[in-house]
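Down below is the structure, laid out as structure tokens.
Protein chains in written order, with our numbering: chain D, 49 to 382; chain L, 15 to 814.
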């Protein structure tokens, strides 16, 4: 290989290493510049001693070498600007994560509520809120809770000066909903409830429930179990094992506690999730429904409890505290 | 409540079933078992001994210590004992070297001041029998010497702790026997009858006890029996040990037996020292008075409390606790045994007011069946006679009662149980299940069932056929019912547009504007509202029994609580934004409660250079988006005059937000005085929307307008308008302009130089025709009409 060919090969090798704009400029100067490698080579030739034919041949060689270098440089630039090259023409680090977020937060109780509203809508249940301050009738009498029941005591219920109460459960919407929407009825009532009790990590005087009510002809315990299981399958995204066991609430007969089989701290066991039962005949009668024609079931899902389970919140008081460090953990993913 | 499997086995064969299985089956069929505990005591090298000599010792620092000589099966032995009840002739328990006591303590021979101790006389606590460490255990003298402890007690037992909450409706389950009956049903085994004395049922011509019930409505059954009990009486160790296991310590044979039956049958009773009584009378206290109870505490009784009087002197707080003045003493031999049924609510109110929830009151609260009170005296007498054979009945069983309730019969239609369960439960199967728990049950003529409710199930527990269906289904097993989805209902429920509207607003604020949703309490803190200077314009909805003295009034706006939590968060972050969807409450002029949904929020930016104006308009844009997402054309903001301000967070920037003519909320910049109260500086923006007013159809349908193919023309005009009037008024004025070729108009720019009275507003007017391309003549006509309108309405036009 001639000396000139070496110069061209060296230059092409340098270009192939993937240079940026600045490096290409320097390379051009180093080979084609006034004091570059080509110029330096040219100075080593004594043109005066050459014949015109020889001069022509040398000149042609030099022109070809320069042409090759210019083409290599041009190709490198072209591939860089088309993005297909390896050159790094970047003034910032694109791998950095964003330092701030534009998304806010949805309260975990709301998130749980929306999810369950969607599940029940799929099963034909309407959603109804109702009032938080309700008559004693709606909260107690309509639900077959006797006038001497301990729940009516001052230490359990917030009484209002106008004779009403702050609802102690969303079951207080049952009578109103039956009358408002008629039968057959499938409805859920999510909302805030109040109990006059001292607060600790598992007790809050302000908490959230989601009541469900289904009344039609020939509604059975088997129906109740199936609907509850469907709910939990959807919430937990798996085939959930559930069981009913006896529980007592004046507005259902029979009454149940619904447990589901779950893993807690590495151990599988039954966990109590929600009370439910077949609507008591007195509750139907109180809503002018014939209990010998219609039957139904009701359940009271603790939204606060569900949110604690779902999001791993240990202290029920966190939900009403308004702390940003708590609230902002629940990204608005609804 | 605790169940002892040993105790249960007095009535039922419990063999072949593990403790876990008992727990599971009781939980599934009857009541929740919280915990299963295996208990055992070490009995090796512990046996009965007779104390033959007690010699006081005088050892410095060890007052009361005695040298005791005992006769054991292996011969005499000495021991050192400091118990106050140690005496010659007593039969007690001694632990010999090699025995292991409670907490793993091992017994060794030793010596103190030269006195040999070859065995140890033990307290009940040291032997893990029950909770008493003051005295050594005394055994009935008839036991004699050399009987190993393992023959005197059942050393190993399993206790099942039942969740009391799951028993509130089952008064029959507040004793071991009730659970034995349940288990007999669950396991399909035979239940042995309770062993009772028949001495009370025979008419031996004994005199009656003088009793009277002045308040039969709360005491439907009251009985008294006089007994003569020997002074030398020691409760059998096995009975005392069982009481210890279910959390009652042993006292005197009479008290122990009364307690034993309370834990066994569920029926409380009381033994009085008859020497201190005359005629017994059950009546309301009649007036407020103090009463010293058995535990020597002074109780403040009110007029409505039910008491037991001896003549006019109170001797018992009915159903709760006896009186100190008539308690059983060591020398009591003449005893009055009282056994009654009291009204559950009456007892609960008294016990709860006095903070005195005794084992007795807890049971009466559940509305005990009268049948228990009828049975208990005979069972108590049987146990007394077994322990102290010289016990004698000295009066008739004297009863004052209301009419005996008739047995309740309930008919169940054929097939009804299967329909309710959603599983096949034949009438014959149901009959078997009901018989197993003591119900009478016959197949009725129509093929259904005629059920007789047993008298031990109380008055309120089983009253209709659905109650019976529960008994049948729980024994059948809910796990044997196959889940079945209801038949499909091909109808979509109506949307709840209020709730959907709330969720839509949440998504906009949380997903597009970075707000965090919070929830605050439904009431105000009066301290806080005073601090921010808020005086509500509405009459409050007030809680009679609030948790705190300053939290009695329900909130009529969400803003104070949001400012409070925002203030609490001020050091966590410099800039943040929070909102809440919740209820506001007040009483209206007609005296009716008002309760309405609100969406309220606060944006806080404590950075000094941040622009309140920018924040204001960002929030304003968010609220506009909420309105537009609900398919409303826009929200208008109208200045609130000073006279319309009704809250301290409103100042000159406060605006009412309107949909057309309807006010649907308000917003503004928080005055600096409140910024200083709540935050470190900077600014804050507040808003409150009547969110339900913005709710519309779930899927609102804007009308599509097709493209107009004929070119139109854009005409820009700039108007000058007084700032004090506000933009909304200009908008309202311009809305009155209508023209055949006006296709659209809107604000495109606003400029206000600080300090000037007028601002400039630039509007775009798009003019276009549907039938042809617009001409310069059309535009000229339009401009002329607009200018005329502006002049008539006193809008100054700056455009040429």
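Each residue gets a CB set at the ideal place from its N, CA and C atoms; glycine is no exception.
| Where the alpha helix (DSSP H) containing residue 681 of chain L begins and where it ends | Run containing residue 681 of chain L: none in the alpha helix (DSSP H); it sits in the beta strand (DSSP E), 676 to 683.
| Bridge-paired residues (DSSP) for residue 314 of chain L | L:304
| task | Could you tell me the distance, in whole angstroms, from the CA atom of residue 556 of chain L to the CA atom of residue 632 of chain L? | result | 37 Å
| Quick one: complete beta strand (DSSP E) runs, 3+ long, within the stretch 64 to 132 of chain L? | 80 to 86, 89 to 95, 105 to 109, 124 to 126 and 129 to 131
| field | Amino acids of chain L, ordered along the chain, whose beta-carbon sits closer than 7 Å to that of residue 282 of chain D | value | None at all; the shortest Cβ gap to chain L is about 13 Å.
| field | DSSP three-state assignment for residue 749 of chain L, whether helix, strand or coil | value | helix
| message | Within 8 Å, do at least three Cβ pairs link the stretch 339 to 352 of chain D to the stretch 254 to 262 of chain D? | response | yes
| task | With DSSP collapsed to three states, give me the class of residue 379 of chain L. | result | coil
| task | Quick one: residues in its chain with C-beta nearer than 7 Å to the C-beta of residue 808 of chain L, no 5 flanking neighbours on either side, listed in chain order? | result | none
| said: DSSP has residue 578 of chain L in a bridge; who is on the other side? | reply: BP columns for residue 578 of chain L are empty, so no partner.
| Counting along the chain, where does the beta strand (DSSP E) carrying residue 207 of chain D start and finish? | It is not in any beta strand (DSSP E) - residue 207 of chain D carries neither H nor E in the DSSP assignment.
| query | What number of angstroms, rounded off, separates the C-alpha of residue 207 of chain L from the C-alpha of residue 202 of chain D? | reply | 43 Å
| If we ignore side chains and look at the alpha-carbon of each, how far apart do residue 812 of chain L and residue 724 of chain L end up? | 29 Å
| field | Inter-residue CB distance, residue 313 of chain D and residue 223 of chain D (contact presumed, cutoff 8 Å) | value | Residue 313 of chain D to residue 223 of chain D, Cβ: 41 Å. No contact.
| request: Taking residue 277 of chain D as the query, report the chain L residues whose CB atoms sit under 8 Å from its CB, ordered along the chain. | output: 497
| message | Rounded to whole angstroms, what is the Cα-Cα separation between residue 432 of chain D and residue 217 of chain D? | response | Because chain D here runs from 49 to 382, residue 432 of chain D falls outside it and cannot be looked at.
| task | Spell out the partners DSSP gives residue 21 of chain L in its beta bridges. | result | Answer is none; residue 21 of chain L lacks a bridge partner.
| task | Decide if residue 267 of chain D is buried, meaning its Cβ has at least 16 other Cβ atoms within 10 Å, or exposed. | result | buried
| query | Applying a beta-carbon distance threshold of less than 7 Å, which residues of chain D neighbour residue 182 of chain L? | reply | 296
| field | Separation of residue 223 of chain L from residue 102 of chain L, as counted between CA atoms | value | 39 Å
| query | Under 7 Å, do residue 415 of chain L and residue 483 of chain L count as touching if we go by C-beta distance? | reply | no
| field | Three CB pairs or more closer than 8 Å across the stretch 202 to 211 of chain D and the stretch 551 to 568 of chain L | value | yes
| task | For residue 492 of chain L, decide whether its Cβ has a neighbour in chain D, counting only Cβ atoms nearer than 7 Å. | result | yes
| said: Any beta carbon from chain L within less than 7 Å of residue 368 of chain D's own beta carbon? | reply: yes
| Touch test, the stretch 182 to 192 of chain L against the stretch 29 to 43 of chain L, Cβ-Cβ under 8 Å, three pairs minimum | no
| Sheet register partners of residue 284 of chain L (DSSP bridge) | L:352
| task | Say whether chain L places a C-beta atom closer than 7 Å to the C-beta of residue 184 of chain D. | result | no
| request: Report the partner residues of residue 320 of chain L according to the DSSP bridge assignment. | output: L:298
| task | Count the other CB atoms, across all protein chains shown, that sit within 10 Å of the CB of residue 14 of chain L; report buried if there are 16 or more and exposed otherwise. | result | It is not possible to answer for residue 14 of chain L, since the shown part of chain L is limited to 15 through 814.
| If you compare alpha carbons, which of D:92, D:197 and D:122 is closest to residue 69 of chain D? | D:122
| field | Cutoff 7 Å: residue 557 of chain L Cβ touching any chain D Cβ | value | yes
| task | Count the CB pairs spanning the stretch 241 to 252 of chain L and the stretch 362 to 376 of chain L that are closer than 8 Å, and state whether there are at least three. | result | no
| Which listed residue (L:463, L:322 and L:594) has its alpha carbon closest to that of residue 300 of chain L | L:322
| task | Out of D:299, D:100 and D:113, point me to the one whose CA is closest to residue 59 of chain D's CA. | result | D:113
| Can you tell which of L:137, L:601, L:450 and L:191 has its C-alpha closest to the C-alpha of residue 19 of chain L? | L:191
| query | Taking 7 Å as the CB-CB cut-off, is residue 378 of chain L touching chain D? | reply | no
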